[in-house]
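Listed in order, the protein sequences are those of chains U and A.
The numbers in the first sequence follow the numbering used here, run straight up by one, and end at 445.
The numbers in the second sequence follow the numbering used here, run straight up by one, and end at 547.
Ideal placement from N, C-alpha and C gives every residue a C-beta, glycine not left out.
This report concerns only the one structure given below.
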Amino acid sequence: MRGNFATITKMFSASVVAAGLMMSAPAKAADDTIKVGILHSLSGTMAISETTLKDAMLMLIDEQNAKGGLLGKKLEAVVVDPASNWPLFAEKARELISKDKVAAVFGCWTSVSRKSVLPVFSELDNILFYPVQYEGEESERNVFYTGAAPNQQAIPAVDYLMSEDGGSVKRWVLEGTDYVYPRTTNKILEAYLKSKGVAAEDIMVNYTPFGFADWQTEVSAIKKFGSAGKKTAVVSTVNGDANVPFYKELGNQGIKAEDIPVMAFSVGEEELAGLDTAPLVGHLAAWNYFESVDTPENKKFIADWHKFIKNDKRTTNDPMEAHYIGFNMWVKAVEKAGTTDPDKVIDAMIGVSVPNLTGGYATMMPNHHITKPVLIGEIQADGQFETVSRTPGLVMGDEWSDYLPDSKDLISDWRKPLSCGNFNVATGKCGGKGTN
Amino acid sequence: MTLIRAGLMLLFLLATLSSSGAAESDLHAIIAKFATAKGFSEIGTVVHELTATGDAAVERPLSALADGNLYIRKADSLVFIGKEASDSVQLSDPLGGEASGEATKEDVTKIKVNNTLRRVIRDALGTLTLGAKDPTVRIAAADTMFKTPDAANIEPLETAIASETVASVKAQLEQARAASVLVSDRPEADKLAAVALIGARGDRDAVSLLTSVEASASGAVKDAATAAIASIDSTLALWDAGQNIWYGISLGSVLLLAAIGLAITFGVMGVINMAHGEMVMLGAYTTFVVQQVIRTSFPALFDWSLVMALPLAFLVAAFVGLVIERGVIRFLYGRPLETLLATWGVSLILQQAVRSIFGPTNQEVGNPSWMSGSFDVGQLAITWNRLWILVFALTVFGMLLYVMKRTPWGLQMRAVTANRRMAASMGIRTPWVDALTFALGSGIAGIAGVALSQIDNVSPNLGRGYIIDSFMVVVFGGVGNLWGTLVGAFSLGIVNKVLEPYAGAVLGKIVVLVLIILFIQKRPRGLFALKGRAVEA
Chain U
10 MRGNFATITK
20 MFSASVVAAG
30 LMMSAPAKAA
40 DDTIKVGILH
50 SLSGTMAISE
60 TTLKDAMLML
70 IDEQNAKGGL
80 LGKKLEAVVV
90 DPASNWPLFA
100 EKARELISKD
110 KVAAVFGCWT
120 SVSRKSVLPV
130 FSELDNILFY
140 PVQYEGEESE
150 RNVFYTGAAP
160 NQQAIPAVDY
170 LMSEDGGSVK
180 RWVLEGTDYV
190 YPRTTNKILE
200 AYLKSKGVAA
210 EDIMVNYTPF
220 GFADWQTEVS
230 AIKKFGSAGK
240 KTAVVSTVNG
250 DANVPFYKEL
260 GNQGIKAEDI
270 PVMAFSVGEE
280 ELAGLDTAPL
290 VGHLAAWNYF
300 ESVDTPENKK
310 FIADWHKFIK
320 NDKRTTNDPM
330 EAHYIGFNMW
340 VKAVEKAGTT
350 DPDKVIDAMI
360 GVSVPNLTGG
370 YATMMPNHHI
380 TKPVLIGEIQ
390 ADGQFETVSR
400 TPGLVMGDEW
410 SDYLPDSKDL
420 ISDWRKPLSC
430 GNFNVATGKC
440 GGKGTN
Chain A
11 MTLIRAGLML
21 LFLLATLSSS
31 GAAESDLHAI
41 IAKFATAKGF
51 SEIGTVVHEL
61 TATGDAAVER
71 PLSALADGNL
81 YIRKADSLVF
91 IGKEASDSVQ
101 LSDPLGGEAS
111 GEATKEDVTK
121 IKVNNTLRRV
131 IRDALGTLTL
141 GAKDPTVRIA
151 AADTMFKTPD
161 AANIEPLETA
171 IASETVASVK
181 AQLEQARAAS
191 VLVSDRPEAD
201 KLAAVALIGA
211 RGDRDAVSLL
221 TSVEASASGA
231 VKDAATAAIA
241 SIDSTLALWD
251 AGQNIWYGIS
261 LGSVLLLAAI
271 GLAITFGVMG
281 VINMAHGEMV
291 MLGAYTTFVV
301 QQVIRTSFPA
311 LFDWSLVMAL
321 PLAFLVAAFV
331 GLVIERGVIR
341 FLYGRPLETL
351 LATWGVSLIL
361 QQAVRSIFGP
371 TNQEVGNPSW
381 MSGSFDVGQL
391 AITWNRLWIL
401 VFALTVFGML
411 LYVMKRTPWG
421 LQMRAVTANR
431 RMAASMGIRT
441 PWVDALTFAL
451 GSGIAGIAGV
461 ALSQIDNVSP
471 NLGRGYIIDS
481 FMVVVFGGVG
491 NLWGTLVGAF
501 SLGIVNKVLE
511 PYAGAVLGKI
521 VVLVLIILFI
531 QKRPRGLFAL
541 KGRAVEA
């Protein structure tokens, strides 16, 4: 609650600080613990997605402690609530690093919250693990991106739709929520589709506001666009809450997946939990993890999760797997470095390899992105995804898109001596600028 | 003589029996291949093999496959149709449908299908079900064949047309035949007739088909197709305009539902109630709880869940409203700024309470069958849930109007609003009228939540999305006037939806907001200003 009130008026900020002090006071006494910060919104609009990640982190930390902790010390979670308020993310990050002296922070969901904490992490030199698929065009020394870059989700998804298995799609609707992730992703996709010979009139781009609820006009426009005698598909970067009314309208207007499939990048098991999925069977999603993937690691993870959350109806999802990978990587890097000092851990992180939940390995690359398999799943009547396609090998995260004119010459390599997140190979200088 | 005839009959019967038996075992042999097929393309080959037999009996296993209900029993690699129960699967024979026991989920594997396979199966079933008894199945078959024209379809379609007795089905079959003629190598005259027939159909599917014909044909057929597309497009443009108006009315009904409770608490009582949206949310969560109880205890009553949720949602929201009024708002009458802050705080408390009880994730509220799907009026697709919400919004509005204008309670409410001190002098217990009015407004927000649970997320944030729109409607329509709220809701809805196709959803919303600001500058009291003594407040 306290985070919530702080968003309304600064009047309450005094009490927030007081409460914060009280919370951290006993923690300071115990010097034999390693603190891990968790920076996820527990109230406000993003609470719906981020609360789950907070719980997943608590579970991972519990499990690590049961295994005997790290470097002989116990891990201790410090949870703060930035309340879906972007400037508050920066404040809370500062509080975690300066006051609570955490060794690393796991957090953020929206790109705008990540952008708001970046200066804090580079100023105070700490580590952020960012677990959500994002638009790329960024590589920071203090951030490890365990979610997918566009080439690990969007491009393989479009490739699948263009293939014979995916229905040889010739006409494209790019439907998104109006903010940075969909806009950048759609820019990359448009350039990619055009490079594959798709004509401009066969691409329709449309944006709707956050939390949009009345999809009648948009869905009938999709129907109309799809009746031009060519196989049509929708690529959806519609975010969070707006998806439920979108899919309900698709179902009600009778758009079947066999005719116009919808490929979503932000719809996972959690979003489907609020929906009657029977009319949606066959619509698609591209992720690097599905709850339905049948591996021993995943079975164990799901069982642990149900036990921890005490509810065996709760689903697991892709960002949870990203935290699982990120946390295990951090543990391994700390063991390798023999210290939790962020500077040493950042150097030790590159090359660390841990098992993922889909039966492969995730490796931290020099650009602070990881290797992932790309899975395409079809929605089933029970609210799960059935994998219909999977990349043969692992895909390396590419932070600077090759399909955008501004960023195609940029690379990132945080190993010495280059140590640069935006090296321009054309000019040979560090400090290039991407699309945003 | 009779003996011989009887003997012949018997022989004939035996022959037919054994031949159908042979066919069935052939089919079983093909179906068994599903167990060894690897990947979607091999499953596709088996599907083609099945449909090539031309036997109508393959419909059962194929539709089961398309629905994802075809299973392989691991122990003996036999293929069955399965029906999932809670943790077991009821198996039955894929052809005959006889029950063949049950198995646990671990004992069987589901045969996977993807969209391409579903499409292949649907097309195949189209040809196979042309002779079905049920006319709706025949129409569905004709529709599928219309969308996937194939020269090989002409013959079976012609046979079906010749034996068809229902006129509407016959028309559909003829259109499907025309579509197939267009992709065949029939003479030009046939094709021109086909274009004319399809042009008369006049819907989006016809445009879709004719566009591909236009791209591939030449000469007179191409010109005819171009002309037909142009004429369909011009009629469709009219229907599109009608469709935008309908969407506007439907959005208006949602706005009306969300705002109508606020028209009482804010419009009539003058309380700036920021927790109004949370009353809507409580109504939606009541629906969820009611459906949960019905699902676990009385699944047969599911279609009635919304009807049952209505009075409960009203009571829950009205009770919470009563508590808020008695506990907070009554101390703050006449101090709008404090009321705003206090009710904002209440809204956060309610949100967080719901989040703690039900969790932060969306809850699934199902649509009863009478609220799913759509029907066509001309080229206009009207979805049932939107239509019912419109009917419901107007009913609620009518009832509220009746309460306000025709009952003693409504009279007291209006008296207190018009002149509180005079009303008190006449013996009206104004504090109780205040409390009950606020409870009524909240209760109506609660039943709005029942309706909105059908089209929106049921999450703790549900109310947040409606609070701004609700205030906009009430202020635009004129504070204190129910008719103003009605007109305000529908005009905002229609303007929004007419703008949306041209300006896009984001810009459309901005334009509407700017228009309202300009309007309020010109007429600060909204569309229908309340005249008389109430105005000075």
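CB of residue i within 8 Å of CB of residue j, strictly
| i | j | result |
| --- | --- | --- |
| V276/U | A251/U | no |
| E227/U | T241/U | no |
| M291/A | V356/A | no |
| L48/U | L105/U | yes |
| V45/U | A86/U | yes |
| H332/U | F115/U | yes |
| N124/A | F50/A | yes |
| N395/A | V468/A | no |
| V485/A | I520/A | no |
| L72/A | A134/A | yes |
| K180/A | V191/A | no |
| K233/U | R214/A | yes |
| N431/U | S421/U | yes |
| Y81/A | K122/A | no |
| A328/A | V460/A | no |
| Q389/A | L246/A | yes |
Cβ separation of residue i and residue j, assumed to be a contact under 8 Å, to the nearest whole Å
| i | j | result |
| --- | --- | --- |
| D285/U | G376/A | 5 Å |
| A352/A | V338/A | 5 Å |
| A395/U | S301/U | In the sequence on display, residue 395/U carries Glu and not Ala. About 6 Å; that satisfies the 8 Å criterion. |
| V290/U | I388/U | 6 Å |
| I379/U | T194/U | The pair is not a contact, with the Cβ atoms about 19 Å apart (cut-off 8 Å). |
| T221/A | G238/U | 4 Å |
| G220/U | S58/U | Wrong, their Cβ atoms sit about 13 Å apart, outside the cutoff. |
Chain-order list of residues whose beta-carbon lies under 6 Å from that of residue i (same chain, five-residue window excluded)
| i | result |
| --- | --- |
| P351/U | D134, N135, I136 |
| E510/A | G518 |
| N215/U | E184 |
| F153/U | F138, H377 |
| M213/U | V182, F234 |
Contacting residues, own chain, Cβ-Cβ under 7 Å from residue i (five flanking each side not counted)
| i | result |
| --- | --- |
| R187/A | I164, L167, E168, I171 |
| E144/U | S120, P159, V189, Y190, T193, T194 |
| V126/U | F98, A99, A102, C117, L137 |
| T447/A | I274, V278, M279, M423 |
| E184/A | I171, L207 |
| L23/A | Residue confidence for L23/A is low, a pLDDT of 49 falling below 50, so the modelled location carries little weight; the figure read from the coordinates is stated next. The answer is none, since no qualifying residue turns up. |
Sequence-distant residues of its chain with Cβ nearer than 8 Å to residue i (five each side left out)
| i | result |
| --- | --- |
| V57/A | L72, L75, L127, V130, I131, A134 |
| A36/U | Residue placement at A36/U is poorly supported in this model, since its pLDDT is 42, which falls under 50; the coordinates still yield a value, given next. Contacts found: T42, K44, E85, V87, D109. |
Selection of the segment 460-492 of chain A by Cβ proximity to chain U, strictly under 7 Å: Interface annotation for the segment 460-492 of chain A against chain U: I465, D466, N467, V468, S469, N471, G475, criterion Cβ-Cβ distance under 7 Å.
Contact set between the segment 201-218 of chain A and chain U, restricted to residues whose Cβ is under 8 Å from the partner: Near chain U, meaning a CB-to-CB distance below 8 Å, the residues of the segment 201-218 of chain A are R214, D215, V217, S218.
Cβ contact check for the segment 276-295 of chain A and the segment 249-260 of chain A: 3 or more pairs under 8 Å: Touching, no, given that fewer than three Cβ pairs across the two stretches are closer than 8 Å.
Contact between the segment 311-319 of chain A and the segment 419-430 of chain A (3+ Cβ pairs under 8 Å): When C-beta atoms of the segment 311-319 of chain A are compared with those of the segment 419-430 of chain A, fewer than three pairs fall below 8 Å, so the two segments do not count as touching.
contact_flag[the segment 358-372 of chain A, the segment 494-501 of chain A] where n(CB pairs < 8 Å) is 3 or more: Three or more Cβ pairs closer than 8 Å define a contact, and the segment 358-372 of chain A falls short of that threshold against the segment 494-501 of chain A.
Sufficient close CB pairs (3 or more, under 8 Å) joining the segment 402-422 of chain U to the segment 303-319 of chain U: Under the 8 Å Cβ criterion, the segment 402-422 of chain U does not count as touching the segment 303-319 of chain U, having fewer than three qualifying pairs.
Under 7 Å (Cβ pairs) to chain A, residues found in the segment 244-273 of chain U: Cβ contacts with chain A come from D250, V253, P254, K257, N261, Q262, G263, A266, E267, P270.
Chain U contacts made by the segment 114-140 of chain A, where a contact means CB separation under 8 Å: Cβ contacts with chain U come from K122, N124, N125, T126, R128, R129, R132.
Touch test, the segment 109-118 of chain A against the segment 318-336 of chain U, Cβ-Cβ under 8 Å, three pairs minimum: Too few Cβ pairs lie closer than 8 Å, so no.
Interface positions of the segment 205-218 of chain U facing chain A (Cβ-Cβ less than 9 Å), listed along the chain: Those would be N215, Y216, T217, P218, in chain order.
Within 8 Å of chain A by C-beta, residues of the segment 176-205 of chain U in sequence order: Those residues of the segment 176-205 of chain U that come within reach of chain A (Cβ to Cβ, closer than 8 Å) are G176, D187.
Chain U contacts made by the segment 263-292 of chain A, where a contact means CB separation under 9 Å: The residues in question are V264.
Chain U contacts from the segment 236-247 of chain A (Cβ-Cβ distance under 7 Å): Of all residues in the segment 236-247 of chain A, none is placed with a Cβ closer than 7 Å to any Cβ belonging to chain U.
Segment contact flag, the segment 263-281 of chain A with the segment 451-463 of chain A, C-beta cutoff 8 Å, min 3 pairs: Two segments are said to touch when three or more pairs of C-beta atoms, one from each, lie closer than 8 Å; by this definition the segment 263-281 of chain A touches the segment 451-463 of chain A.
Short-range partners of chain U found in the segment 382-397 of chain A, where Cβ spacing is below 8 Å: Taking 8 Å as the Cβ-Cβ cut-off against chain U, the residues of the segment 382-397 of chain A that qualify are S382, G383, S384, A391, T393, W394, N395, R396.
Residues in the segment 126-158 of chain U having any Cβ partner in chain A nearer than 8 Å: Residues: none.
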